[in-house]
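> One structure coming up, written as structure tokens, with questions to follow.
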Amino acid sequence: MKAGDGASERASADFGFERVALDEKQGRVDSVFHSVARRYDIMNDLMSAGLHRAWKAQLVSMLRPPQNRAFAHLDVAGGTGDVAFRVLAAGGPRTRVTVLDINESMLRVGAERARERKVDEAGDRIAFVTGNAETLPLPDASFDAYTIAFGIRNVPRIETALAEARRVLKPGGRFLCLEFSAVDIPLLDKIYDAYSFNVIPRIGARVAGDAESYRYLVESIRKFPTRGAFAGMIERAGFRHVTDRALTGGIVAIHSGWKVS
Numbered sequence: 001m002k003a004g005d006g007a008s009e010r011a012s013a014d015f016g017f018e019r020v021a022l023d024e025k026q027g028r029v030d031s032v033f034h035s036v037a038r039r040y041d042i043m044n045d046l047m048s049a050g051l052h053r054a055w056k057a058q059l060v061s062m063l064r065p066p067q068n069r070a071f072a073h074l075d076v077a078g079g080t081g082d083v084a085f086r087v088l089a090a091g092g093p094r095t096r097v098t099v100l101d102i103n104e105s106m107l108r109v110g111a112e113r114a115r116e117r118k119v120d121e122a123g124d125r126i127a128f129v130t131g132n133a134e135t136l137p138l139p140d141a142s143f144d145a146y147t148i149a150f151g152i153r154n155v156p157r158i159e160t161a162l163a164e165a166r167r168v169l170k171p172g173g174r175f176l177c178l179e180f181s182a183v184d185i186p187l188l189d190k191i192y193d194a195y196s197f198n199v200i201p202r203i204g205a206r207v208a209g210d211a212e213s214y215r216y217l218v219e220s221i222r223k224f225p226t227r228g229a230f231a232g233m234i235e236r237a238g239f240r241h242v243t244d245r246a247l248t249g250g251i252v253a254i255h256s257g258w259k260v261s
């Protein structure tokens with residue numbers, strides 16, 4: 001290895017199957033989600049045959065927001081509000097959710113849906129905040145739980161985002177991450193690959209008018225760390241009692257960790 005090669009490697013990141021400058025990745029990811037914001041949840045239904053709804057329901061079931069006490073929840077990369085609305089519905093009247101996303105197009109969709117669904121008629125149960133998962137504009141130890149669904153693989157510096165998640169959680173707070181994973185059932189893995197690379201970009205082109213963004217999303221899944229490797233990253237960020245739960249043959253997994261102190 002030549003001098004400086006290590007620094008060069010650290011300064012780059014995966015953008016799907018392409019290797020790009022680390023500082024370039026966030027802008028390119030932003031462009032993807034600006035492009036797909038209006039059709040994002042419809043595309044999730046089409047791409048997963050509606051399974052994303054069951055996966056998110058399982059996430060909220062594991063979260064178990066309380067019915068009888070205050071509960072401050074942070075949902076990161078959740079701009080359209082899909083997870084946040086579920087948390088509010090599952091929690092009691094003192095549940096408050098902050099939805100944070102770096103992409104303002106996604107946040108606008110979420111805020112519009114919150115108004116349409118009248119999920120916050122009192123005006124104090126849900127807030128939509130523009131922010132970066134790597135530098136959360138939020139105080140230390142201010143949330144009881146943190147979720148991120150299908151978002152962490154798009155973060156350029158995952159370790160930094162995990163450290164930030166721990167920082168804003170209160171002692172005893174829980175980190176939950178729903179993310180695509182590696183299919184671990186023979187034959188299903190081949191079917192899943194064929195569907196992902198051949199069908200999903202075509203659906204993106206037809207429904208959202210954007211095949212390339214969905215090709216990136218498929219590629220980004222394949223570049224995400226294995227469940228074991230990601231569990232190690234969560235532990236190194238300082239979380240304890242780290243577990244992962246594979247769903248639907250390993251297509252997705254829910255990763256859990258606790259801030260003990």
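Going by full-length UniProt numbering, 45 is the number at position 45 of the sequence shown; the sequence numbering is gapless. Beta carbons are placed, not taken as given, at the ideal position from N, Cα and C, and that holds for glycine. Model, not experiment: these values are computed from the prediction.
(1) Would you call the stretch 133-152 and the stretch 197-212 in contact, with 3 or more CB pairs under 8 Å?
(2) Unbroken beta strand (DSSP E) runs of length 3 or more, entirely within the stretch 144-176: which are they?
(3) Using a Cβ-Cβ cutoff of less than 8 Å, which residues in the same chain neighbour S8 once the five nearest sequence positions on both sides are dropped?
(4) Put A253 into one of helix, strand or coil per three-state DSSP.
(5) I'd like to know whether the C-beta of G81 is nearer than 9 Å to at least one C-beta of chain D.
(6) Give the C-beta separation of I251 and V183 to the nearest angstrom, bearing in mind that I take them to be a contact with Cβ-Cβ under 8 Å.
(7) Cα-Cα, which of R96, I148, P171 is closest to D124?
(8) If distances are taken between C-alpha atoms only, which option among A194, E159, I191, Q58 comes closest to E235?
(9) Just the Cα atoms here: how many angstroms apart are S12 and R227?
(10) What residue range is occupied by the uninterrupted beta strand (DSSP E) comprising L138?
(11) Could you tell me the distance, in whole angstroms, from the CA atom of A165 to the CA atom of I102?
(12) What residue range does the beta strand (DSSP E) around L187 cover?
(13) With DSSP as the reference, label V60 as helix, strand or coil.
(14) Taking the alpha-carbon positions, what's the A246 to S181 distance?
(15) Put I126 into one of helix, strand or coil per three-state DSSP.
Walking through what the data contain:
(1) no
(2) Taken in chain order, no unbroken stretch of beta strand (DSSP E) lies wholly in the stretch 144-176 with a span of 3 residues or more.
(3) Looking up residue 8 in the sequence shown gives position 8. With a pLDDT of 39 at S8, under the threshold of 50, the modelled position of that residue is not reliable, and no figure is offered here.
(4) Locating residue 253 in the sequence shown gives position 253, counting from the first residue. Strand.
(5) Absent here is chain D; the protein component of the structure consists of one chain.
(6) Numbered from 1 along the sequence shown, position 251 holds the residue referred to as residue 251. Numbered from 1 along the sequence shown, position 183 holds the residue referred to as residue 183. Yes, they are in contact, since the Cβ atoms of I251 and V183 sit about 6 Å apart, within 8 Å.
(7) Your numbering for residue 124 matches position 124 in the sequence shown. Residue R96 is the option with its Cα nearest to D124.
(8) Start at 1 with the first residue of the sequence shown, and residue 235 comes out as number 235. Looking at the Cα atoms, E159 is the closest of the given residues.
(9) Here residue 12 is taken as the residue at index 12 of the sequence shown, counted from 1. Here residue 227 is taken as the residue at index 227 of the sequence shown, counted from 1. Rounded to the nearest angstrom, the two C-alpha atoms are 22 Å apart.
(10) Counted from its first residue, the sequence shown places residue 138 at position 138. It is not in any beta strand (DSSP E) - L138 carries neither H nor E in the DSSP assignment.
(11) For this step, residue 165 is matched to residue 165 along the sequence shown. For this step, residue 102 is matched to residue 102 along the sequence shown. Computed Cα separation, rounded: 15 Å.
(12) If you number the sequence shown from 1, residue 187 lands on position 187. Careful: L187 lies outside any beta strand (DSSP E) and carries neither H nor E.
(13) The residue labelled residue 60 in the question sits at position 60 within the sequence shown. In this structure, V60 counts as helix in the three-state DSSP scheme.
(14) Taking the sequence shown and counting its residues from 1, one reaches residue 246 at position 246. Taking the sequence shown and counting its residues from 1, one reaches residue 181 at position 181. Rounded to whole angstroms, the gap between the alpha carbons of A246 and S181 is 8 Å.
(15) Residue 126 sits at position 126 when you count from the first residue of the sequence shown. It is a strand residue.
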